[in-house]
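Peer 1: Questions regarding the structure given below will be posed in turn.
Chains as they are written, first to last, in the numbering used here: chain A, 4 to 217; chain B, -10 to 237; chain C, 48 to 252.
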């Protein structure tokens, strides 16, 4: 970092913003934010990963932009200004996905649009971006996006592996397993199992961090 | 900070204008790409129904969409619309492909107004196939596909299906080769009457039946959707099939 | 008519917003602690849904989708504004919520005291925006079908949250393992209820 008087770009405090949401401050399992729609895309690994990246991009940049604007926003129309900025970012992401990864965007369908109402985005803007400088706000956005994405990817991994015996569309469970009577658990692919899996993840996460128990 | 009404109004106007300009520019820049994706997908489905499309090769090509368009131009020798009496409409070459974007509305029209697209392919060995689009409803949303028939307009030479949001691993299996390959060699007519192809439950339950295939296991409603889609949509083509087919 | 009825029943039971699509999970988890508040939020969601979906349907049909502007004249027939639909929908939802809040406060203070606190929550409830997006994606033929879908989805959401709240009121007396208490068990319960609702899928309408 060139300027020694300033706080370094990746100081301990800033790193905490980035890594906190990946562990004890995870937005999904601890803050219970943003479970909404995005879980519906976790039946396979690939859409889950694309969704995770999209959410990260949106949280990071909406945090950055609104943090830059924070001193000019009239408080009476605060919410609608936030919605407009977030919606614009989501539309950008949606258009880019449609143009460059058309196959995946078909699978994600309306769920990309629903990032707008994902509570993580609005929650982090309200709770962090409006009261902090752009750089920490950006890191906070990236951290929370990744923390959320991590859960999506974990879900996508197990649901695709157990439900279809594939990962990223490639078969990973050898044919010989099937010959010996192993069969895919189709239940894993159905929507309700996503919820049960999240429940189990919360269970594991909280048994390791006892202080989070209710 | 001063927050008068004027400030709020000016602020929101500036915000809206900035957002609108940015979005419009991005859309203008990306729309051609998106449309080319949609077009290429339809073309690859049409080619896929006669087994002339290899996804592996396409993804290795420098420009996937360009590659698909070249293939399409090479193998699809004719396309036209047919009316409800089964007559070809002259000069409808271009409209046939356009009509694919509007299939749902077209099948919903009263019979006398329907104009349905047909595509004719000729592969390297000189084999000619007729390709028909079909459109229907699965469990969660629309499903669609293309069925290719031999020149007797009875025997199925291939089929592809796709869907908007069927359950992955269950209903969504209709989009995969194991299900689609079953259709090859099946026939639509029993004697002179149109019966379509039914989808029967249970592995092997359809063996020996020339008018049936096995349903996707765990995807009963989606499979039933495929069955009624074939019956309804190809049924709408029946006058054409009867008129130009050799057997009837 | 038959079609409208089938869309209505289908969107309550088969395509249930919560169990099949996870819409509105955040407020669903947060507010399902007591039956009384759950009733209030359910009512508010249904109400806002029934107002916003038809409005967005009309906007989508006559302003946003390809060729929708043709009523303005030939020149406008090819304009496609669908990339703006997200921002328009969310703006409509946010402003209708605001208007509803003001109207209810003025004319039905009793109702306002019940719903008031929930209305701001609803602007960012995925179920509402999801309703509009599904309406757009499923291409309903007329306003009637779209409204039937909106009413059905709203009632389905209401049903889900009230049922969940009733279960959670009882479960406070059970010995749930500590790490699973609260949110964890709620997720698992929702999943199990979702499985139960899947049995409606066989119904042919």
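Glycine included, C-beta positions come from ideal geometry on N, C-alpha and C.
Fair warning: this is a prediction, and the values are worked out from it, not measured in the lab.
(1) I want to see whether chain B comes within less than 8 Å of residue 130 of chain C, judged by CB atoms only; does it?
(2) Just to confirm, are residue 175 of chain B and residue 200 of chain B a CB contact at a threshold of 8 Å?
(3) Listing by chain order, which chain C residues have their CB less than 7 Å from the CB of residue 83 of chain A?
(4) What does the alpha-carbon distance come out to for the pair residue 24 of chain B and residue 216 of chain B?
(5) Under a three-way DSSP split, which group does residue 132 of chain A fall into?
(6) What residues from the stretch -8 to 16 of chain B come within 8 Å of chain A, judged by C-beta to C-beta, listed N to C?
(7) On the premise that residue 234 of chain C lies in contact with residue 126 of chain A, defined as a C-beta separation below 8 Å, what is that separation, rounded to the nearest angstrom?
(8) Using CA atoms only, rank isn't needed, just tell me which of A/49, A/124 and A/14 is closest to residue 173 of chain A.
(9) Taking the alpha carbon of residue 113 of chain B as the reference point, which residue from B/230, B/31 and B/36 has its own alpha carbon closest?
(10) Would a check of beta-carbon distances place residue 130 of chain B closer than 8 Å to chain C?
(11) Thinking C-alpha only, which one of C/98, C/122 and C/128 is nearest residue 110 of chain C?
(12) Determine the DSSP secondary structure at residue 238 of chain B, reduced to helix, strand or coil.
(13) Taking the straight line between their C-alpha atoms, what separation do you get for residue 4 of chain B and residue 188 of chain A?
(14) Would the stretch 14 to 28 of chain B count as touching the stretch 83 to 102 of chain A if we require 3 or more Cβ pairs under 8 Å?
(15) How many angstroms separate the CA atom of residue 80 of chain B from the CA atom of residue 232 of chain B?
(16) Determine, using beta carbons only, whether residue 180 of chain B comes closer than 8 Å to chain A.
(17) Let me know the alpha helix (DSSP H) ranges lying completely inside the stretch 6 to 48 of chain B, each 4 residues or longer, listed in chain order.
(18) Can you tell which of A/74, A/123, A/176 and A/77 has its C-alpha closest to the C-alpha of residue 29 of chain A?
(19) Answer with yes or no whether the minimum CB distance from residue 23 of chain B to chain A is below 8 Å.
(20) Taking 8 Å as the CB-CB limit, is residue 148 of chain A close to chain C?
(21) Assign residue 122 of chain B to one of three DSSP states: helix, strand, or coil.
(22) When you compare only the Cα positions, how much space is there between residue 58 of chain C and residue 85 of chain C?
(23) Please report how far the alpha carbon of residue 70 of chain B lies from the alpha carbon of residue 85 of chain B, in whole angstroms.
(24) Using the DSSP secondary-structure output, state which residues sit across from residue 71 of chain B in a beta bridge.
(25) Keeping to the same chain, check which residues put their C-beta closer than 6 Å to that of residue 8 of chain A; ignore five residues upstream and five downstream.
(26) Between residue 248 of chain C and chain B, is the shortest Cβ-Cβ distance under 8 Å, so that the two count as touching?
(27) Taking only beta-carbon positions, decide if residue 98 of chain A is within less than 8 Å of chain B.
(28) Does the contact criterion of 3 or more C-beta pairs under 8 Å hold for the stretch 98 to 113 of chain C versus the stretch 189 to 209 of chain C?
(29) So what does residue 170 of chain A bridge to, in DSSP terms?
(30) Taking the alpha-carbon of residue 291 of chain C as reference, which of C/228, C/236, C/148 and C/198 has the nearest alpha-carbon?
(31) Looking at chain C, is there any beta carbon in it that lies within less than 8 Å of the beta carbon of residue 199 of chain A?
(32) List the residues that DSSP assigns as beta-bridge partners of residue 139 of chain A.
(33) Across the stretch 41 to 60 of chain B and the stretch 92 to 108 of chain B, are there enough close Cβ pairs to call them in contact, namely three or more that are closer than 8 Å?
(34) Compare the C-beta of residue 232 of chain C with all C-beta atoms of chain A and state if any pair is closer than 8 Å.
(35) Could you run through the stretch 181 to 204 of chain C and flag, in chain order, every residue whose CB is less than 9 Å away from some CB of chain A?
(36) Taking contact to mean at least 3 C-beta pairs separated by less than 8 Å, is the stretch -8 to 3 of chain B in contact with the stretch 55 to 74 of chain A?
Peer 2: The relevant details are as follows:
(1) Stepping through the third chain from its first residue, residue 130 of chain C is reached at position 83. Taking a beta-carbon distance threshold of 8 Å, residue 130 of chain C counts as an interface residue toward chain B.
(2) Your numbering for residue 175 of chain B matches position 186 in the second chain. Your numbering for residue 200 of chain B matches position 211 in the second chain. Yes.
(3) The count along the first chain starts at 1 and reaches residue 83 of chain A at position 80. 141, listed in chain order.
(4) Translated into the one-based positions of the second chain, residue 24 of chain B becomes position 35. Translated into the one-based positions of the second chain, residue 216 of chain B becomes position 227. Counting only the Cα atoms, residue 216 of chain B lies some 30 Å from residue 24 of chain B.
(5) In the first chain, residue 132 of chain A corresponds to position 129, counting from 1. If DSSP states are grouped into helix, strand and coil, residue 132 of chain A belongs with the helices.
(6) Residues of the stretch -8 to 16 of chain B with a Cβ closer than 8 Å to any Cβ of chain A, in chain order: -8, -4, -3, 0, 1, 4, 5, 8, 11, 12, 15 and 16.
(7) The residue given as residue 126 of chain A occupies position 123 in the first chain. The residue given as residue 234 of chain C occupies position 187 in the third chain. With a Cβ gap of about 18 Å, residue 126 of chain A and residue 234 of chain C do not count as contacting.
(8) By one-based count along the first chain, residue 173 of chain A stands at place 170. Residue 173 of chain A has its Cα closest to that of A/49, out of A/49, A/124 and A/14.
(9) The residue you call residue 113 of chain B lines up with position 124 of the second chain. B/36 is the residue among B/230, B/31 and B/36 whose C-alpha sits nearest the C-alpha of residue 113 of chain B.
(10) Position 141 of the second chain, counted from the first residue, corresponds to residue 130 of chain B. Yes - at least one Cβ of chain C is within 8 Å of the one on residue 130 of chain B.
(11) Here residue 110 of chain C refers to the residue found at position 63 when the third chain is read from its first residue. Looking at the Cα atoms, C/128 is the closest of the given residues.
(12) Only positions -10 to 237 of chain B appear in the structure, and residue 238 of chain B is not among them; the question remains open.
(13) As a working mapping, residue 4 of chain B is identified with position 15 in the second chain. As a working mapping, residue 188 of chain A is identified with position 185 in the first chain. Between residue 4 of chain B and residue 188 of chain A, the C-alpha separation is close to 50 Å.
(14) Between the stretch 14 to 28 of chain B and the stretch 83 to 102 of chain A there are three or more C-beta pairs closer than 8 Å, enough to call the two in contact.
(15) Start at 1 with the first residue of the second chain, and residue 80 of chain B comes out as number 91. Start at 1 with the first residue of the second chain, and residue 232 of chain B comes out as number 243. Rounded to whole angstroms, the separation of the alpha carbons of residue 232 of chain B and residue 80 of chain B is 20 Å.
(16) Working through the second chain from its first residue, we reach residue 180 of chain B at position 191. Not one chain A Cβ lies under 8 Å of residue 180 of chain B.
(17) Listed in chain order, nothing qualifies, since the stretch 6 to 48 of chain B has no complete alpha helix (DSSP H) run of 4 or more residues.
(18) Here residue 29 of chain A is taken as the residue at index 26 of the first chain, counted from 1. Of the candidates A/74, A/123, A/176 and A/77, the one whose C-alpha sits nearest the C-alpha of residue 29 of chain A is A/123.
(19) Working through the second chain from its first residue, we reach residue 23 of chain B at position 34. Yes - at least one Cβ of chain A is within 8 Å of the one on residue 23 of chain B.
(20) As a first step, residue 148 of chain A is located in the first chain; it is residue number 145 there, counting from the start. By this cut-off, residue 148 of chain A is not an interface position.
(21) Counting from one through the second chain, the residue named residue 122 of chain B turns up at place 133. Three-state DSSP puts residue 122 of chain B in a strand.
(22) Stepping through the third chain from its first residue, residue 58 of chain C is reached at position 11. Stepping through the third chain from its first residue, residue 85 of chain C is reached at position 38. Computed Cα separation, rounded: 20 Å.
(23) As a first step, residue 70 of chain B is located in the second chain; it is residue number 81 there, counting from the start. As a first step, residue 85 of chain B is located in the second chain; it is residue number 96 there, counting from the start. The straight-line gap from Cα to Cα measures roughly 6 Å.
(24) Translated into the one-based positions of the second chain, residue 71 of chain B becomes position 82. According to DSSP, residue 71 of chain B bridges with B/77 and B/105.
(25) The count along the first chain starts at 1 and reaches residue 8 of chain A at position 5. Bear in mind that the predicted position of residue 8 of chain A carries a pLDDT of just 48, short of 50, making it too unreliable to give a figure here.
(26) Against the third chain, residue 248 of chain C aligns to sequence position 201. It does; some Cβ of chain B falls within 8 Å.
(27) Position 95 of the first chain holds residue 98 of chain A. Yes, residue 98 of chain A counts as interfacial toward chain B.
(28) With the cut-off at 8 Å, the stretch 98 to 113 of chain C and the stretch 189 to 209 of chain C touch.
(29) Sequence index remark: in the first chain, residue 170 of chain A carries index 167 (1-based). In the DSSP output, where bridge partners are listed per residue, residue 170 of chain A has A/173.
(30) As displayed, chain C neither begins before 48 nor continues past 252, which places residue 291 of chain C out of reach and without an answer.
(31) As a working note, residue 199 of chain A is residue 196 in the first chain. Flagged as an interface residue toward chain C: residue 199 of chain A, by a C-beta distance shorter than 8 Å.
(32) Within the first chain, the letter at position 136 stands for residue 139 of chain A. Note: residue 139 of chain A sits in no beta bridge, so no partner.
(33) Output reads no: the stretch 92 to 108 of chain B does not touch the stretch 41 to 60 of chain B.
(34) For the purposes of this step, residue 232 of chain C is identified with residue 185 of the third chain, where counting begins at 1. For residue 232 of chain C, the nearest CB of chain A lies under 8 Å from its own CB, placing it at the interface with that chain.
(35) So the close ones are 181, 183 and 184.
(36) Pairwise C-beta distances place the stretch -8 to 3 of chain B out of contact with the stretch 55 to 74 of chain A, as fewer than three of them are shorter than 8 Å.
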